[in-house]
Structures are given as structure tokens and as C-alpha cells.
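There are 2 protein chains.
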Amino acid sequence: MNLDTLYSELTLKNDAKLVLLVLDGLGDIATKEQNYLTPLEAAATPNLDALARNAAQGRMIPVAPGITPGSGPGHLALFGYDPLEFQVGRGVIEALGLGIELKAGDVAARANFCTLDAKGIVTDRRAGRIETEVCEELCKLLASKIKKIGTTEVMIKAGKGHRFVVVFRGKGLEGPLTDADPHHEGAPIPVVRAVNKKSAKAQKAALLIKEFYKQALPLLAKRKPANGFLMRGIAHQPEIPTFQERYQLRPACIAVYPMYKGLAQLVGMNKLEGAQTIAEQFQRYRAEYDNYDYFFIHYKYTDMYGEDGNFAAKKKAIEELDAALPILLEKMPKVLAITGDHSTPCAAKGHSWHPQPVLLTSALSGSDKLQRFTETGANTGSLGVFDAKFLIRLMQANALMFDKFGA
Amino acid sequence: MNLDTLYSELTLKNDAKLVLLVLDGLGDIATKEQNYLTPLEAAATPNLDALARNAAQGRMIPVAPGITPGSGPGHLALFGYDPLEFQVGRGVIEALGLGIELKAGDVAARANFCTLDAKGIVTDRRAGRIETEVCEELCKLLASKIKKIGTTEVMIKAGKGHRFVVVFRGKGLEGPLTDADPHHEGAPIPVVRAVNKKSAKAQKAALLIKEFYKQALPLLAKRKPANGFLMRGIAHQPEIPTFQERYQLRPACIAVYPMYKGLAQLVGMNKLEGAQTIAEQFQRYRAEYDNYDYFFIHYKYTDMYGEDGNFAAKKKAIEELDAALPILLEKMPKVLAITGDHSTPCAAKGHSWHPQPVLLTSALSGSDKLQRFTETGANTGSLGVFDAKFLIRLMQANALMFDKFGA
Chain A
1 MNLDTLYSEL
11 TLKNDAKLVL
21 LVLDGLGDIA
31 TKEQNYLTPL
41 EAAATPNLDA
51 LARNAAQGRM
61 IPVAPGITPG
71 SGPGHLALFG
81 YDPLEFQVGR
91 GVIEALGLGI
101 ELKAGDVAAR
111 ANFCTLDAKG
121 IVTDRRAGRI
131 ETEVCEELCK
141 LLASKIKKIG
151 TTEVMIKAGK
161 GHRFVVVFRG
171 KGLEGPLTDA
181 DPHHEGAPIP
191 VVRAVNKKSA
201 KAQKAALLIK
211 EFYKQALPLL
221 AKRKPANGFL
231 MRGIAHQPEI
241 PTFQERYQLR
251 PACIAVYPMY
261 KGLAQLVGMN
271 KLEGAQTIAE
281 QFQRYRAEYD
291 NYDYFFIHYK
301 YTDMYGEDGN
311 FAAKKKAIEE
321 LDAALPILLE
331 KMPKVLAITG
341 DHSTPCAAKG
351 HSWHPQPVLL
361 TSALSGSDKL
371 QRFTETGANT
381 GSLGVFDAKF
391 LIRLMQANAL
401 MFDKFGA
Chain B
1001 MNLDTLYSEL
1011 TLKNDAKLVL
1021 LVLDGLGDIA
1031 TKEQNYLTPL
1041 EAAATPNLDA
1051 LARNAAQGRM
1061 IPVAPGITPG
1071 SGPGHLALFG
1081 YDPLEFQVGR
1091 GVIEALGLGI
1101 ELKAGDVAAR
1111 ANFCTLDAKG
1121 IVTDRRAGRI
1131 ETEVCEELCK
1141 LLASKIKKIG
1151 TTEVMIKAGK
1161 GHRFVVVFRG
1171 KGLEGPLTDA
1181 DPHHEGAPIP
1191 VVRAVNKKSA
1201 KAQKAALLIK
1211 EFYKQALPLL
1221 AKRKPANGFL
1231 MRGIAHQPEI
1241 PTFQERYQLR
1251 PACIAVYPMY
1261 KGLAQLVGMN
1271 KLEGAQTIAE
1281 QFQRYRAEYD
1291 NYDYFFIHYK
1301 YTDMYGEDGN
1311 FAAKKKAIEE
1321 LDAALPILLE
1331 KMPKVLAITG
1341 DHSTPCAAKG
1351 HSWHPQPVLL
1361 TSALSGSDKL
1371 QRFTETGANT
1381 GSLGVFDAKF
1391 LIRLMQANAL
1401 MFDKFGA
């Protein structure tokens, strides 16, 4: 029997409130250079410590042992969607990251400007890393000239530096397509093709992109150095069963950065906009407490400083979140889970595969008798090491949302 | 490759004795109210402590993360049967609980008396919760009048209060059927139907139950308030590969309560009857030591007091078992596993999803260097957190019953 079907059949609706607080990239590793402490262990966290005394802890594998996830799979797992079953293409993630509100079926591509020689050979895959302002101007130019191809709407949005995103919104389109990128200099831009040759929808999308190149390249012909562009990760936004239908919970997202709002939107969460600081995010949760059952609150800075390899700043970001935590705790939800979407160890300066620590507290979480919330403590917690996609199920169980299985 | 097939192919028969001692609902959670101790942690358990020093510990997930199992799935997992693959209907479990010796293919239903108005509308789903004596009298009446329908034998047995069980034993029958229960008052009793409409056997069972109603309702017509009855969880006892063929072990069950004897019988265990106390159960094990390879010894009281939310009584039940343990240990089996079929936290007053602690001792279990057997200690044990269905495989491995896999 399919496990999701079982969970679904056992689900009981009630009025419990569940909160998932994500410190992006929270997990870290203890190294000699930092006196064998992780940022979470080195940080002063009186409020997290107080929670730990009445909480269960464990560690979560975001995708599979050894797999380093991007933000997409990391968050999909936290939302209870198997990241191997629900794959979201890079173009889609990139579009979400730029705040584009995608609809199911939209085909999105990561793109970037490049330099072509007279024969159309790619001589610089990043067009000399043009400034963001130049990129914005070029995107504006393309967007003003190419609004539709046939009945398909075309959206173009600039990112940072030489990067941008193109979205095609029309009927009967589908990804994935092969890249319009030779992946090395000295070769022309390949024509994109449907990865699944039997998909008529993907064939149609491939023709559309061929036509897009035909119209766009002449517009850039006289530009230097950005007289061409490459497209990668061309994929459509898949149909994903909504969070609400899957879990019988009305979900809300309180995030600051577009990528996380986009990922929440992907599963049908309502976006509560406006909060800028974590204190404001917690206040927003309190203000909206009655209107939703599940709150996803996203905190970016732990990941950002982990990526920088800045141990002191990552530690401080944790301390700042801890200091704001009482605002949330004044309106304690029935179930509170605090974790990361993956680890971003300072020593790695990037995402990693290390299971992230998780703390779960409710009237029935029990206590693991740990005095703090740390990676090392979580290793000994009652939740063990488990797949991140089960976190929502443990949260639902703690909210008494499951009937007994069998007599 | 199917894992069960692999285990089966590697199985070596030998003369090892294996004992599974189940303290029903053993697992619990530490809460502030009980000074952060579970009943197992609060109990004085010198004999379990002595075992712990030379044992491996861990925690087991009975079905899946967050799923609270009934006794059926809980025990099937302990016996090594995936509870999602081998689902046993509620009617079957209820019949087993009343001590009815089911055969494969028997169709069983949970039933209870209800009150109907003149138009056949259910006005009280529990017939005013009639006394057990009244229920017994009504069941006797029905049983005396309806012994067979066609060639199908009908068995009716009273439970507690308004509850009873009906079993149909005949050829070519199968469940599951929809409920003969509107699940709320103000509606008539629905006619049952085959859940799988393509099953001729289930169609036949549905007709049989329709005929049962036709014969039984007139017999109750003048009774007040119990002039009708509802039937739910109508299912057949599935074919389950026997314990002996699966594991090459001659199994015996030493349980006091009918439900657990029934579950053991479901997988073909021999029932050793007569023992009433845990001391008598352990004595019985010693007396039968030579006649079997695997003993399932079931102790009910930990679950019973957990369901009552009676911490002191659950703790005392553990201490009483511990005090009797030397009787078992005098004839030490090659492998001894001590665990629960699930957790029944006093704070939850019912079964729960929390992984239950398990202790496994043998000459090759190794020592986790734990001084006691507790939930908190088990979190750090060498067995980790694992699916309960693998316990029998670990027991077999410790009994040296598996050949090496590959060269």
C-alpha cells in the first residue's frame, strides 16, 4: 500500500496549529578550527534551550545519503513531498527565485547573456560578466519586442549579473528540453530538443524556443559583449497536489526572499507578504494565527553566512533568531518544528549532504532530556535519523491528526 | 530482489532458542509532570538492568513515522510481517479478541446493537449502551435461530456492552465490504457492498450479509432499545505465510488475553494455554523449552495502565515483570528480545506513534555499555531507529540462522 494513501486515509481534521520554522542551511559540522563547535553549538540560544527541554530531536536526510540538495528539493522534502518523485526543473526554481508567479504548465528557462563571434560560435559563455544594469536593459529590450510567440505569452526577467529567466505561458507546453548551451566555448548554441522525443508538448516547446532565438538574436546583434544568450534547465512547472488537499491544513508562508515564497506557492501555500525581519515574521504569524493551520516561516541568513564560510556571522544570525523567538512563543502552536532545509557548513561554504538537526515540540513530543538544541545532541534524540519528507507526518501525528491504523 | 526472499534463501536451520518478550505498549514519553522520567525509567528493574549491560538497544517504528498502530499491525510487525502488506480487517481482529478461532477465508464483522425507529432509521447507534448481560442474551437468541445461511456457517459471539462479532464460515467468501452502518444517527442501515466490485467472492459475502439482516432483524423487532444492529470492518482472514515456513522456527505463544493468542494463531503459532501470571508464563516457557524454537510471551498490563494514564500502575507493572524475569533467565535462550508492540504513553492515554524501545541480548549482540533499559538509553543504542518488522531478522542473525550473503 502506498504510504501517502495510508496517511491520507488516516487523516483527521482538527483545529491544531502547526509551525515549521526553517533556519535555511542550519546544519553545520564541528571542526578543530572552531574548537569542535558548530555555529548552533557556539551560539547563545536561551530560548531554543528552553524549548529543547520539552522536545524531541533528531536529524533529517533531505534527499538521500550523500546527496546535497538545492533549496527546491530541500523545501519540498520539508513540505512532505518526496523530492525524487516531485522534481522541479532549474528553470522553474530560478523563475520562482525571481518572484515570477508561475502556473502549472508554464515552461521556464534559466538564461544568461553570452558573446558570439561572427559565425555564431560562443566565445564567452558569460559575456564578460556584464553588470546587472546592462542585463536589465537588455531584458527590457527583449521583453518590449517579444511579448508573444503565436498564442504563447513570453515573460523575460533579469536576475543578477548576466543572468535572466524566460517563461513561456501557453497551452500544451511541457519540458524538459535539452540545453541551448554548448557548456564550453568554441561551439555554436545547440538547437534545443525534447528530452522525451515522444512528447508532442515538449516538441512544441522546442519549436517555440527555436522561434524565440530567431526573433531575439537579431535584437542583440550589435550589442557588445552581450550579443547572444544561452538557455538551460528548461522545464515546466509540474502539477503538484496542493498542501491543503494532501494534509488537510490551510497553509501560509511567511518568507522574505522570493525563492522560498515561490517554493511555498508551488504547493499552494498562501503568501503573507510584508514582513522583513524575523521579529516581523513572528508578529505576522501571531496576527494570522486564526486564519491558517500551518505556518512555514523562513529565515535566510544562516544559509547566507554558511555559504560565505562566515562562522561568526552564522552564529550571530542564530542568536538573532533566538532573541526574536519569544514573539512566536507567546502564541505557542500545538506543534512547533525547528530545523533547516539542509546543512550549509561554514567549512564547505555551500550546501551539503549532512543531515540537518531538527527539534519538535508538542504536548506529546516527550522530552529527550537534552539541555540544548544542537547537532551533537540531536544525534542522540528519540527521532533518530530520518528522511525529511516524514517531518510533516510527525508534525501531524503530534497534532493528533491521524486515526489509529488497524485495530 | 525481494528482501524476504533473500532472508529466506540465507536461512540456516539450527537448534537455537529465541524468545520475544512483549510488554504491550511499553514505550512512553518523558514529561515534566513525571520529572522527565518514563515509567520504564522510573521503575526499579534490577534484572532488566543486568541484561542491559550485555545487550544492544534501539527503537523501533511499528508501521511508519507518525502512524499509531492497533495491536494487530503492532504484533504483525514484531512477527516480521510488514503491516502494510499484511492488513487484517477490524472484524477479524475483533473476532480474534473474543477468542474465536478463525480460519483463512472466514469473514468477520464487528457488530453492535442499535435502536431503530418504525421506519428503520437509526436513532441510537449504541442502543443506549445496553449491559453486557443483555447483549449476551440477544446474541444467544440470534445464534440459536441463525446457525447457517445456505451452506455458510454463522457464528455470533457477544463482546462487552452493546458489542458483538459475527463470523461467516463458508466457501468462496471474501472481504472487505462496506459498512452496514450509516456512522451517524438519522439514517437507515445501508446495504453492504463489495469494496472491490470485481470480486465475485465479496459480492457473495455481501448477499450473505443482506440475508443475515433479513433473518435477524425480525428476531429483534420487539426488543427495546436494541431492536437493530450495525456491522463494520467486515473482512476475511487473509492467507498469511506461516511463521514456521517463513523463519524455519517452531513458534509458540504464551499469552493470557485472547487478542494476542489470536494474532499469534493468525501466523500459525502454537498456543500454550493456561498460564495466568507472568511468572506462570515464564514457567511455561521453561517447561516447553525443548518443544519449540521461538517463544512469543505477551504481557498486557503495561498497555492497560498506559491507556488509563496511570503512571504509577504502569511503572509497577514493569517492576512486577522484572521481579519475575529470573524465572525466564534461568533457562536463558540463545536470543532474547524485550520490547513493546508500540508505545502507550500515560500522557496520551492510548497507543501512539513513538518508536518503542527494544533490548536484544545474545552472545553476539555486543554491549551498548548502557546500565539500564530505557527509552533515553535506547536512543543511543547500536540498533538505531529501525522498522519493527526487522526485529525477527536481527533475532535470527543473533541466533546465527543466516548464511553469509555473497562471497
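Protein chains in written order, with my numbering: chain A, 1 to 407; chain B, 1001 to 1407. The beta carbon of each residue, even a glycine, is placed where N, CA and C say it ideally should be.
Report task. Select from Lys-1157(B), Ala-1127(B), Val-1088(B) and Leu-1116(B) the residue whose C-alpha is nearest the C-alpha of Glu-1136(B). Result -> A check of alpha carbon separations from Glu-1136(B) across Lys-1157(B), Ala-1127(B), Val-1088(B) and Leu-1116(B) identifies Lys-1157(B) as the nearest.
Query - Option nearest Glu-319(A) by Cα separation, candidates Tyr-301(A), Pro-355(A), Val-167(A) and Arg-126(A) - result: Closest option to Glu-319(A), Cα to Cα, is Tyr-301(A).
Query raised in the report: Is the Cβ of Leu-394(A) closer than 7 Å to any Cβ of chain B?
Result: Answer yes: the Cβ-Cβ gap between Leu-394(A) and chain B drops below 7 Å somewhere.
Query raised in the report: For Thr-1151(B), does the count of other Cβ atoms within 10 angstroms reach 16, so buried, or fall short, so exposed?
Result: When all chains shown are included, Thr-1151(B) counts as exposed.
**Report entry** Neighbour-count burial assignment, Val-1191(B), 16 or more Cβ in a 10 Å radius
**Finding:** Around the beta carbon of Val-1191(B), fewer than 16 other beta carbons sit within 10 angstroms, so the residue counts as exposed.
Query raised in the report: Under the rule that 16 or more other beta-carbon atoms within 10 Å means buried, what is His-1354(B), buried or exposed?
Result: Buried: at least 16 other Cβ atoms inside 10 Å.
Query raised in the report: So which of Asp-106(A), Asp-124(A), Ile-29(A) and Leu-207(A) has the shortest CA-CA distance to Val-166(A)?
Result: For Val-166(A), the closest alpha carbon among the candidates Asp-106(A), Asp-124(A), Ile-29(A) and Leu-207(A) is that of Asp-106(A).
Query raised in the report: Counting along the chain, where does the alpha helix (DSSP H) carrying Phe-1396(B) start and finish?
Result: For the record, residue 1396(B) in the displayed sequence is Gln; it is not Phe. Counting along the chain, the alpha helix (DSSP H) containing Gln-1396(B) begins and ends at 1391–1398.
Requested in this report: Would you mind giving the Cβ-Cβ distance between Glu-98(A) and Phe-296(A), rounded to the nearest angstrom? I have them listed as a contact below 8 Å.
Outcome: Reading the sequence as shown, one finds Leu at residue 98(A) and not Glu. The pair is not a contact, with the Cβ atoms about 20 Å apart (cut-off 8 Å).
Requested in this report: Could you check what DSSP says for Ala-438(A) in three-state terms: helix, strand or coil?
Outcome: The requested residue 438(A) does not occur in the structure, where chain A is confined to residues 1 to 407.
Query raised in the report: Mind checking whether Asn-1047(B) and Asp-1368(B) have CB atoms under 7 Å apart?
Result: Not in contact: Asn-1047(B) and Asp-1368(B) (Cβ atoms no closer than 7 Å).
**Report entry** Beta-bridge partners of Asn-1112(B), as assigned by DSSP
**Finding:** Bridge partners of Asn-1112(B): Arg-1163(B) and Leu-1230(B).
Query raised in the report: According to DSSP, is Ile-149(A) helix, strand or coil?
Result: Reduced to three states, the DSSP call for Ile-149(A) is strand.
Query - Nonlocal neighbours in the same chain, by C-beta distance under 8 Å from Gln-1283(B), ignoring five residues either side - result: The residues Ala-1275 and Ile-1327, in chain order, have a CB closer than 8 Å to that of Gln-1283(B) in the same chain once the five nearest residues on each side in sequence are set aside.
Requested in this report: Can you give me the start and stop residues for the alpha helix (DSSP H) that Phe-212(A) sits inside?
Outcome: Residues 200–220.
Query raised in the report: Do you know offhand how far Ser-352(A)'s Cα is from Thr-344(A)'s?
Result: If I take the Cα positions, the gap works out to 6 Å.
**Report entry** Proximal residues of chain B, C-beta to C-beta of Met-1(A) below 9 Å
**Finding:** Listed along chain B, the residues sitting closer than 9 Å to Met-1(A) by beta-carbon distance are Leu-1084, Glu-1085 and Gln-1087.
Query raised in the report: Whole-angstrom Cβ separation of Leu-370(A) and Gly-381(A), contact assumed at under 8 Å?
Result: Rounded, the Cβ-Cβ distance is 7 Å, consistent with contact.
Query raised in the report: So which residues on chain A does Glu-1094(B) lean against when the C-beta distance must stay under 8 Å?
Result: Per Cβ cutoff of 8 Å: Ala-407.
**Report entry** Three-state secondary structure (DSSP) of Thr-1011(B)
**Finding:** Residue state, collapsed to three classes: strand.
Requested in this report: Could you run through the segment 354–376 of chain A and flag, in chain order, every residue whose CB is less than 9 Å away from some CB of chain B?
Outcome: Going along the segment 354–376 of chain A in chain order, one finds Ala-363, Leu-364, Ser-365, Gly-366, Ser-367, Asp-368 and Lys-369 with a Cβ nearer than 9 Å to chain B.
Query raised in the report: Can you tell which of Gly-1091(B), Leu-1078(B) and Pro-1188(B) has the C-alpha that lies nearest to the C-alpha of Ala-1388(B)?
Result: Taking only the C-alpha atoms, the option nearest Ala-1388(B) is Leu-1078(B).
Query raised in the report: So is Thr-380(A) in contact with chain B if we call contact Cβ pairs under 7 Å?
Result: Yes, contact with chain B.
Requested in this report: Starting from Ala-337(A), trace the beta strand (DSSP E) both ways and give me its first and last residue.
Outcome: Here the beta strand (DSSP E) through Ala-337(A) covers 335–339.
Report task. Run through the segment 1293–1355 of chain B for me and flag every whole alpha helix (DSSP H) of 4 or more residues, listed as ranges in chain order. Result -> Counting only runs of 4 or more, we get 1301–1308 and 1311–1329.
Query - Own chain residues within Cβ distance below 6 Å of Arg-232(A), not counting five before or after - result: Cβ within range, chain order: Arg-110, Asp-179 and Asp-181.
Query raised in the report: Based on the DSSP output, what are the partners of Phe-1168(B) in its beta bridges?
Result: Note: Phe-1168(B) sits in a beta bridge opposite Val-1107(B) and Val-1154(B).
Report task. Label Gly-89(A) either buried or exposed according to how many other C-beta atoms from any shown protein chain fall within 10 Å of its C-beta, with 16 as the threshold for buried. Result -> Gly-89(A) counts as buried, since no fewer than 16 other beta carbons sit within 10 angstroms of its beta carbon.
Report task. Please confirm whether Thr-376(A) and Ala-55(A) have their CB atoms less than 7 Å apart. Result -> No, these two residues do not count as a Cβ contact at 7 Å.
Query raised in the report: Does any CB atom of chain B fall closer than 7 Å to the CB of Phe-390(A)?
Result: Yes, its Cβ sits closer than 7 Å to a Cβ of chain B.
Query raised in the report: Between the Cα of Leu-263(A) and the Cα atoms of Lys-349(A), Lys-331(A) and Ser-71(A), which residue gives the shortest distance?
Result: In terms of CA proximity to Leu-263(A), Ser-71(A) leads the group Lys-349(A), Lys-331(A) and Ser-71(A).
Query - Interface positions of the segment 1011–1043 of chain B facing chain A (Cβ-Cβ less than 7 Å), listed along the chain - result: The residues in question are Ile-1029, Ala-1030, Thr-1031, Lys-1032 and Tyr-1036.
Query raised in the report: So what does Lys-271(A) bridge to, in DSSP terms?
Result: For Lys-271(A), which the question treats as bridged, DSSP gives the partners Cys-253(A).
Query raised in the report: Exposed or buried, what is Tyr-36(A) when buried is set at 16 or more other beta-carbons lying within 10 Å of its beta-carbon?
Result: With fewer than 16 Cβ atoms within 10 Å of its Cβ, Tyr-36(A) is classed as exposed.
Query raised in the report: Should Pro-1238(B) be flagged as near chain A, meaning a C-beta pair shorter than 7 Å?
Result: Answer no: the Cβ-Cβ gap between Pro-1238(B) and chain A never drops below 7 Å.
Requested in this report: Would you be able to state if there are at least three C-beta pairs under 8 Å between the segment 1307–1316 of chain B and the segment 1331–1338 of chain B?
Outcome: Output reads no: the segment 1307–1316 of chain B does not touch the segment 1331–1338 of chain B.
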